[in-house]
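Asks: Residue numbers (my numbering): 165 to 637. Idealized CB from N, CA, C, for every residue including glycine. Given the structure is predicted, the values throughout are model-derived calculations rather than measurements.
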Amino acid sequence: MSGILAGIRLREAGIDDFVIYEKAHDLGGTWRDNTYPGLACDVPSHVYSYSFAPNPEWSRRFSPGPEIHRYLTRTAEEHGIRERIVFDREATACSYQDGRWQLEFADGSRDSVDFVITAVGVLHHPNMPEIEGAASFEGALFHSARWDHSVPIEGRRVGVIGTGSTAVQIVSAITEKVETLTLFQRTAQWIMPGQNPAYSEDEKQRYREDPAAIDHLRTELDLSFTRQFSDALIGSESPGMKRIEEMTRQHLEAKVLDPELRDRLRPDYRAACKRLVVADGFYEAIQQPNAALVTEEIECIEPAGVRTRDGVLHELDVLVFATGFRAHDFMRPMRITGRAGKTLDEAWDPTPRAYRSVSMPDFPNFFMIVGPHSPVGNFSLIEISEIQVGYILKLIERVRESGSGEICARPEATDRFNASIREAMKGTIWVTGCNSWYLDANGIPATWPFTVQTFRDEMAEPDWADFETIPAA
Ligand code: N01
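1. Considering only heavy atoms of the ligand N01, does any lie closer than 7 Å to the CB of S308?
2. DSSP three-state label for M292, please.
3. State the DSSP-derived secondary structure class of I281, mapped to helix, strand or coil.
4. L169 and S553 - do their beta-carbons sit closer together than 8 Å?
5. Can you pull the DSSP bridge partners for H478?
6. Under three-state DSSP, which class holds F619?
7. Looking only at its chain, what residues have a beta carbon closer than 8 Å to the beta carbon of T615, apart from the 5 residues adjacent to it on each side?
8. Measuring only from the beta carbon, is C205 closer than 7 Å to any heavy atom that is part of the ligand FAD?
9. Below 8 Å, can you find three or more Cβ-Cβ pairs linking the segment 375-384 to the segment 498-516?
10. Where do the N-terminal and C-terminal ends of the alpha helix (DSSP H) with E550 fall, by residue?
11. Can you give the Cα-Cα distance for P357 and Y602, rounded to whole angstroms?
12. From A577 to S584, what does the alpha carbon distance come to, in whole angstroms?
13. Considering V211, what are the terminal residues of the beta strand (DSSP E) in which it resides?
14. What does the alpha-carbon distance come out to for the pair I608 and C464?
15. If you draw a straight line from the alpha carbon of H233 to that of R473, how long is it in whole angstroms?
16. Suppose the cutoff is 7 Å on Cβ atoms and the five residues either side in sequence are ignored; what does the same chain contact list for D630 look like?
17. Express the C-alpha separation of R430 and T459 in angstroms, rounding to a whole number.
18. Out of A217, M623, E373, W222, state which residue places its alpha-carbon closest to the alpha-carbon of A240.
19. May I ask you to report which of helix, strand or coil DSSP gives E625?
20. Quick one: residues in its chain with C-beta nearer than 6 Å to the C-beta of H288, no 5 flanking neighbours on either side, listed in chain order?
21. Which two residues bound the contiguous beta strand (DSSP E) that contains T346?
22. From A588, M589, R562, V595, pick the residue whose C-alpha is nearest to that of E632; which is it?
23. For I334, which residues from the same chain have a beta carbon less than 7 Å from its beta carbon, with the 5 sequence-adjacent residues on both sides left out?
24. Report, in whole angstroms, the separation of the C-beta atoms of V482 and G303, which I expect to be a contact under 8 Å.
25. Within the continuous alpha helix (DSSP H) that includes L457, where are the two ends?
26. Taking DSSP as the reference, what is the three-state secondary structure of H380?
27. Across the segment 207-224 and the segment 361-377, are there enough close Cβ pairs to call them in contact, namely three or more that are closer than 8 Å?
28. Check whether the Cβ of L287 lies closer than 7 Å to any heavy atom of the ligand N01, and answer yes or no.
29. Which of the three DSSP states is assigned to P539 in this structure?
30. Tell me whether N291, by its Cβ, gets closer than 7 Å to a heavy atom of the ligand N01.
31. Checking 8 Å against the spacing of the C-beta atoms, do S600 and K438 come in under that value?
32. Report the residue ranges of all alpha helix (DSSP H) runs contained in full by the segment 185-259; include only those spanning at least 4 residues, in chain order.
33. Count the CB pairs spanning the segment 289-299 and the segment 188-195 that are closer than 8 Å, and state whether there are at least three.
34. Using the C-alpha atoms, what's the distance from R564 back to E547?
35. Taking the C-alpha atoms as reference points, what is the distance between A418 and D432?
36. What did DSSP end up calling F446 once you bin it into helix, strand or coil?
Quick look at the structure:
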C-alpha cells in the first residue's frame with residue numbers, strides 16, 4: 165500500500181528515477197499475505213482508500229480483503245506503478261557510504277541510490293509462538309498470515325490460537341463450516357460491534373456519477389469514525405473512551421447469553437487498551453454447539469492436538485496460529501547502517517525511535533513510511549501514509565533545491581520529540597494495564613499519543629530547524 169503510494173507521489177512530483185523493490189512475487193503487502201477466511205478491513209473502505217483514487221465500487225462499509233487487494237492492484241496498474249516494481253528482490257542490507265546508499269539483495273544483486281524510502285509495513289513478520297511439541301503435530305499447522313488453502317477445513321476439527329482481530333474474523337467466518345471449532349484464548353478481548361451493510365447499486369451509482377458524494381462520505385466517516393477513536397484513545401478518562409467502554413460492555417452482555425461463558429469472554433482490562441477489535445458475528449459463532457472456548461493454558465502440542473494444563477487433549481485436524489506479528493521489527497532483519505558505521509540496531513537500542521515517524525539522525529536521506537510512533541490503530545493507515553509521503557517529498561525537494569547532499573533529523577530534535585511522546589503516553593488508554601503489540605520491550609506504546617488531527621497539522625510542513633542539511637561534497 166505505502167510503496168505504491170510512494171511511487172505515485174514521486175512521479176507526480178516529477179521524480180521519475182526510482183525503483184520499487186519487492187521481496188514477494190506480487191504487490192499488496194498485508195493484503196497479499198493475508199488470505200484467511202473472513203479477512204476484512206475494520207476501517208471503513210471509503211476511508212481506507214487513497215485520497216486520489218476514490219472507489220465507488222466498494223461492496224460494503226468494511227470490504228473484504230480480496231477486494232482491497234484488487235483495489236491496490238488496480239490503482240498500481242492505472243498509475244503505471246506495477247512496471248516500476250522489481251519483484252522477488254529482497255533487500256538484505258542498506259548502508260550509507262560516501263553520500264550514497266548501497267543496497268544489497270538476497271539474490272546477490274546490488275544498487276546504489278541517493279534516497280531510500282522504506283515502505284515495509286508494521287504487521288509483517290508473523291509471530292510464531294514456541295509451543296513445545298508443535299513440530300510433532302500430525303495435522304496441518306500454519307500461521308493466519310500464511311493460510312494454507314490446500315488444507316480443507318470443511319467438516320474437520322479446527323483449532324485457533326489467539327483472540328486478536330484476526331482470530332475473531334476467522335472464527336466468525338469458519339465456525340459454520342467446520343466440524344468443531346476450538347478457540348484457545350489466553351486473554352479475552354473487548355469487541356466493538358461493527359455493522360457491515362452492503363452498498364446498494366443505487367448508492368454505488370451515485371458515487372460513480374458524483375465523486376463529491378464520496379468526498380462527503382469520507383468527511384462524515386472521518387468525523388464519526390477516525391476522530392471518535394483518535395480523541396478517545398489518547399484520553400483514558402475522556403467521554404469518548406467511556407462511550408467505547410459502554411458499547412463494548414453492552415455488546416458482550418447483550419450477545420452472550422450463558423453467564424459462565426460471558427464471564428470467560430469478559431476481559432479484566434479496559435476496552436481499547438489492546439487494539440480494539442471491531443467485528444460482528446464473533447459472539448454468535450463462539451456460542452454455536454460445535455464451538456468451544458478453551459481458557460486453560462496451553463501445555464503443549466501433541467501429534468493429535470493441543471493439550472492444556474488441566475490434562476485435556478483437544479484433538480484437532482487443523483491448527484491455526486492467529487498469534488499476531490513482531491510489530492517492532494519494522495525494516496529488520498534488513499541490515500541498515502547509517503553515517504560513520506552506525507547500525508539501526510544501535511540507533512534503536514533499547515527501542516525503535518525516530519523523528520516524527522519518518523527520519524532518524526545519522527541516517528541521512530533515509531525515510532520511513534509508517535515508522536516508529538506513526539498513528540497506527542483504529543485509523544486509516546492509508547491516510548497516515550499519504551501524510552508521511554507528502555512530508556518525505558518535502559525533505560527530498562529541499563535537498564534537490566538547495567543543492568545540499570543530505571538531510572536528516574537533528575539528534576536534539578529527535579530527543580525532544582521522543583520525550584514529548586513519552587510524556588503524552590501517560591494519559592492514553594494503552595498504558596492502563598494490558599499486554600499488546602503496541603507496547604515495546606519497555607512497555608511504552610510505539611504509537612502516536614496525540615490526535616490524528618495533530619499528526620495532520622504537525623506533518624503539514626517540516627520544521628526546518630529540526631533538520632540538518634549537509635552540502636554536497
Ligand atoms: O494479532 P494480535 P492479530 N499462546 O497481536 C495470542 C491488525 N488487523 O493478527 O493477548 C497463546 O492482536 C495473543 O494473546 P495475548 C490489527 O491492527 C487488522 O489478531 O498476548 N496465545 C492474542 O490473543 C490487529 O491488532 C484487521 O495474551 C498467544 C493473539 O495471539 C493486528 O493486525 C484484521 C500466544 C495475537 O493477537 C494484529 O492482529 C486483522 C501464545 N504463545 C488484523 N502468542 C483489520 O480488520 C500470541 N497469542 C484492519
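Replies: The relevant details are as follows:
1. Yes; taking the cut-off as 7 Å, the Cβ of S308 has a heavy atom of the ligand N01 nearer than that.
2. coil
3. Strand at I281.
4. Going by the sequence as given, residue 553 is Val instead of Ser. Yes, Cβ-Cβ distance for V553 and L169 is below 8 Å.
5. V470
6. helix
7. R391, S394, D395, I398
8. Among the ligands present in this structure, namely the ligand N01, the ligand FAD is not found.
9. The segment 375-384, when compared against the segment 498-516, does not touch it at the 8 Å Cβ threshold.
10. 545-566
11. 22 Å
12. Here the C-alpha atom of A577 lies approximately 11 Å from the C-alpha atom of S584.
13. Counting along the chain, V211 falls outside any beta strand (DSSP E), and DSSP gives it neither H nor E.
14. 31 Å
15. Between the alpha carbons of H233 and R473 lies a gap of roughly 41 Å.
16. Y519, A573, R574, A577
17. A direct Cα-Cα distance of roughly 12 Å separates T459 from R430.
18. A217
19. coil
20. Exclusion of the five residues before and after H288 leaves no residue of its chain whose Cβ lies closer than 6 Å to its Cβ.
21. 344-348
22. R562
23. Closer than 7 Å at Cβ, skipping near neighbours: Y200, P201, G202, S308, V324, V484, A486.
24. 6 Å
25. Unbroken run through L457 is the beta strand (DSSP E), 455-458; no alpha helix (DSSP H).
26. H380 falls in the helix class under three-state DSSP.
27. yes
28. True, at least one ligand heavy atom lies under 7 Å from that Cβ.
29. Coil, per DSSP.
30. yes
31. By the CB criterion at 8 Å, S600 and K438 fall inside the cutoff.
32. Fully enclosed alpha helix (DSSP H) runs of 4 or longer: 194-197, 229-242.
33. As far as the Cβ criterion goes, the segment 289-299 does not touch the segment 188-195, which means the pair count is below three.
34. 26 Å
35. 18 Å
36. helix
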